[in-house]
Structure formats: C-alpha cells, structure tokens
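Residue numbers (my numbering): -9 to 212.
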C-alpha cells in the first residue's frame, strides 16, 4: 500500500474522529464551466470537503479542446464554439491572479450559467470576474487565443490521466483518477461523504474501469 493509498483509506473511515482529525488528502478536480454535470459534481466535492479530510485543487479542462477534430453532432457544434469562452476566461484569470481564483470564479460563472440560465457573453464573464474581485477586462480573453497553450496543457494534464473517451469532470486522488461521478442532485452532508468513500474504493480497485447506467433525468440544481 502506498502512502497516498493509506491516506485514502483514512479519509474513508471517519469513525474514530471528525474529518478535521484525519490526515488531509489532496484531490485534483478538472472542470469545464459549460458542463451542468461537472457543476453538480463540483458542488458535491465542496460538500465532501465538509465531512471528509479532503482538500481540492481546481483545474481547467475544455470540452472544446476535447472535441476538436471530432465529428460532433450538429446540435452540439454551436455549444462547442461557445465552450471556448468560459475556459479561456478561467485560464487567463488563473494565469494572472493564481490558481486560487479558479474555485470562486467557477462558482460565479456556474451560478450564472446553470442557476440563472445566463448566456455566455462577455458581459456575463465580466460580472463574474467583478464578483470575485478580478479585473473585468479579463472577459476579453474569451475571444483571444493568447492563453490557449496554457489551456491545452491544463486540459491534457487532466484527460491524460483517464483517457480520451471521457469528458468532464476528472478527479485525481491518491494515485488514481476517474471521470465523474455523474450524479443529480448533488448529495449533501454525510450522503456526500458516503459517495466519496464508495468512489475511492472502486477507483482504487485494480482492473476496475466502469460502472454505469443510463441517465433518466436532467440535472437538478437545488
């Protein structure tokens, strides 16, 4: 058992004390702000941090980059064109203000996109940037290729851990990585912790690749 695996086991079992009493397990989370399922998983991850000794580091990945050169169905092509804007703004913000701005900016963008159903315009990006204390001029990055090399590097860092046939989010923790979980609504409290425990257990099982069923409901944002 590796040191990371031992920490993961500790994070699963909290019977001997609160999450604060356990060693901190670092998890890396790659997101695209456009994806409603990734948004729900990110809200679940924040709940996990409340009940398990886990610290999340946030990174950008890109559905636009992922689908470059692919025969995307017509109904998704416009969405992929729009997908460049928010990830470019996020990566520009991280490059200029540090990675610690990613979570608050993602939250500000996600609330506008997924809860308020706002369009992905530069005005939307600027309002989110202002909310988290960043320069609204960074909204112009949405139509610039200036940060695309950095964006592609962040995307590749995440997707290379799980393979090209998945999407967002990607989570890497304790020497393993996986796509998902895809869940709606986002579990809260101890239910979030139990899902985390189960995800870690299956993800760290040698030879385990997939557990899936057809989604029969749309994302629920509560």
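For each residue, glycine too, the CB sits at the ideal point set by N, CA and C. These numbers come from a predicted model, not from an experiment.
message: Just to confirm, is the Cβ distance from residue 141 to residue 62 under 9 Å?
response: Stepping through the chain shown from its first residue, residue 141 is reached at position 151. Stepping through the chain shown from its first residue, residue 62 is reached at position 72. No, these two residues do not count as a Cβ contact at 9 Å.
- request: Starting from residue 45, follow its DSSP beta bridges and name the residues at the other end.
  value: Walking along the chain shown from the start, residue 45 turns up at place 55. 16, per the DSSP bridge assignment.
- request: Enumerate in chain order the residues of its own chain whose CB-to-CB distance from residue 147 is below 8 Å, with the five nearest sequence positions on each side excluded.
  value: Here the question's residue 147 lines up with position 157 in the chain shown. So the qualifying residues of the chain are 20, 49.
- prompt: Counting only runs that start and end within the region 125 to 195, where is the alpha helix (DSSP H) found for 4 or more residues in a row?
  reply: 138 to 149, 179 to 193
message: Any heavy atom of the ligand FMN inside 8 Å of the beta-carbon of residue 102?
response: Looking at this structure, you won't find the ligand FMN or any other ligand, since it has none at all.
message: Considering only their Cβ atoms, is the gap separating residue 12 from residue 43 smaller than 9 Å?
response: As a working note, residue 43 is residue 53 in the chain shown. As a working note, residue 12 is residue 22 in the chain shown. Cβ atoms of residue 43 and residue 12: closer than 9 Å.
- request: Using three-state DSSP, classify residue 77 as helix, strand or coil.
  value: One-based indexing of the chain shown puts residue 77 at position 87. Three-state result, residue 77: helix.
message: Once the 5 residues before and after residue 108 are set aside, which same chain residues still bring their CB inside 6 Å of it?
response: As a first step, residue 108 must be located in the chain shown, where it is residue number 118. If we look at residue 108 and ignore the five residues flanking it on each side, its Cβ neighbours are 102, 114.
- request: Using alpha carbons as the reference points, say which of 51, 79, 212, 198 lies closest to residue 176.
  value: Here the question's residue 176 lines up with position 186 in the chain shown. Nearest C-alpha to residue 176: 212.
task: Report, in whole angstroms, the separation of the C-beta atoms of residue 128 and residue 79, which I expect to be a contact under 8 Å.
output: In the chain shown, residue 128 corresponds to position 138, counting from 1. In the chain shown, residue 79 corresponds to position 89, counting from 1. Contact flag correct, Cβ pair sits at about 6 Å.
field: Assigned secondary structure, residue 21 (DSSP; H/G/I helix, E/B strand, else coil)
entry: Position 31 of the chain shown, counted from the start, is the residue given in the question as residue 21. It is a strand residue.
Residue burial classification, residue 168 (beta-carbon count within 10 angstroms, cutoff 16): Indexing the chain shown from 1 puts residue 168 at position 178. Buried, by the Cβ-count rule.
- request: Assuming residue 180 and residue 41 form a contact by the criterion Cβ under 8 Å, report the distance between their Cβ atoms to the nearest whole angstrom.
  value: As a position in the chain shown, residue 180 is number 190, starting the count at 1. As a position in the chain shown, residue 41 is number 51, starting the count at 1. About 6 Å separates the two Cβ atoms, so the contact holds.
task: Report the rounded CA-to-CA distance for residue 87 versus residue 93, giving the unit in angstroms.
output: Counting from 1 along the chain shown, the entry for residue 87 is found at position 97. Counting from 1 along the chain shown, the entry for residue 93 is found at position 103. Distance between the alpha carbons of residue 87 and residue 93: 12 Å.
query: Just how far apart, CA to CA, sit residue 83 and residue 124?
result: Position 93 of the chain shown holds residue 83. Position 134 of the chain shown holds residue 124. Cα to Cα, the separation comes out at about 8 Å.
field: residue 74 versus residue 100: straight-line alpha-carbon distance, rounded
entry: The residue you call residue 74 lines up with position 84 of the chain shown. The residue you call residue 100 lines up with position 110 of the chain shown. One C-alpha to the other measures close to 15 Å.
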